[in-house]
């Protein structure tokens, strides 16, 4: 599951969290760093990292790290990584 | 699936039981709302949506109106208001906060599609960064959900950033892209660009007050943006923070604002408070099934409007225009209507 570590890094960089910070239980707006502006940066970074296009509804529903993992799997980015 | 499908009769049949249910839910859950209903003697059964008791929108400035316990409040939205006036406060629980951007997305999908389009924003990036986010900043942020490769037309100091716009158009100008801005900002800055925006879909909001002072109406606005920017897909929208997630969207022909299936408008004669027929201006009441955590499902606005027709346009239901503010209504910030359009 290499993609999970890549996704964790994208979360840390986009949300300005220290290297190695535990992100697996993060939820949108549960920490001050994950606000609506950071959410857009995060979505753009995930798109770049995994070369996928995230739709409006998917972006709105991506309200936790767990949701982001599911989204990657849906786009087939989990299996190929 | 489109949210512009219900005819006036179908909408009435779908909304009445849900809105009546919400009225009783809020009556039980929100003591100030209960006292207001008692004071005006409102009681069911209600035969029509227009019979439901409405709440003047300014009560959100003076009362704490929430229908969920304090510990379940996830976000509190505020309207700008002008200096010295109390802002509206709108209380969302997690469920309501999640529903509103989804329903906004469902509404705008009718003109934008499902994809996030490359997005040109007729504003400065600075508005999204202010520590105390203005209503304008919140509106821009909310709309940014619908775009990608966000490019701001104005630089940090508010001047035209021609280089950024040219680079954007070189990347994206050949296929549909989204242009968003507040109505007066669009009018002020887009024609000055002298750029070909013919693939753009323009979404704008915020009201006509500043433009009405310059005798610019919707027809003149559409004409000039068509002639000078090549924009043919233009959609105004009307909405307010007190009914967050619900927007009334201008149809492709520019023949009025249309109501999504989960909402409607009632135009009321300000003398009798009865529903005014099409063609007769009155005060706009907005109804929506979205407000579940605060009693905002039936609101009397401080705006004047008129219904142009019913079931006679490109989408079914009423089509209407906003004519301006009620003469006695206090002035609110011009971008106030957009509020925070998405979480």
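Residue numbers (this note's numbering), protein chains in the order written: chain Y, 1210 to 1290; chain E, 488 to 830. Cβ atoms here follow ideal geometry from the backbone N, Cα and C, with glycine treated the same way.
Under 7 Å between C-beta atoms of residue 1242 of chain Y and residue 1229 of chain Y | no
Any idea what DSSP makes of residue 776 of chain E, helix, strand or coil?
-> coil
Of all the residues that make up the stretch 595-617 of chain E, which are near chain Y by a beta-carbon distance shorter than 7 Å?
-> 601, 602, 603, 615
Compute the Euclidean distance between the alpha carbons of residue 513 of chain E and residue 785 of chain E, then round it to the nearest angstrom.
-> 11 Å
By the criterion of Cβ-Cβ separation under 7 Å, what are the contact partners of residue 672 of chain E in chain Y?
-> By Cβ distance, chain Y contributes nothing, its closest Cβ being about 20 Å from residue 672 of chain E, past 7 Å.
Any Cβ of chain Y within less than 7 Å of the Cβ of residue 720 of chain E?
-> The C-beta of residue 720 of chain E comes no closer than 7 Å to any C-beta of chain Y.
Residue range of the unbroken beta strand (DSSP E) whose run includes residue 610 of chain E | 604-611
Where DSSP assigns a beta bridge to residue 543 of chain E, which residues make up the other side?
-> The partner list for residue 543 of chain E (beta bridge, DSSP) reads E:787.
Is residue 759 of chain E helix, strand or coil when you go by DSSP?
-> coil
Hey, would you say the C-beta of residue 789 of chain E is under 6 Å away from at least one heavy atom of the ligand FAD?
-> This structure does not include the ligand FAD; it has no bound ligands of any sort.
8 Å CB neighbourhood of residue 527 of chain E in its chain, flanking five on each side removed = 540
Indicate whether at least one CB of chain E lies closer than 7 Å to the CB of residue 1288 of chain Y.
-> Its pLDDT being 47, under 50, residue 1288 of chain Y is placed unreliably by the model, and nothing is read from it.
Which of helix, strand or coil does DSSP assign to residue 713 of chain E?
-> helix
For residue 775 of chain E and residue 783 of chain E, the rounded distance between their alpha carbons | A straight line joining the alpha-carbon of residue 783 of chain E with that of residue 775 of chain E spans about 8 Å.
Identity of the residue in E:525, E:596, E:561 nearest residue 688 of chain E by Cα = E:596
Distance between residue 781 of chain E and residue 1289 of chain Y (C-alpha atoms, nearest Å) | Because residue 1289 of chain Y carries a pLDDT of 46, less than 50, the predicted location of this residue cannot be relied on, and the following value inherits that uncertainty. So the alpha carbons of these two residues sit roughly 46 Å apart.
Taking a Cβ distance cut-off of 9 Å, strictly less, list which residues of the stretch 1269-1288 of chain Y are near chain E, in chain order.
-> 1269, 1270, 1272
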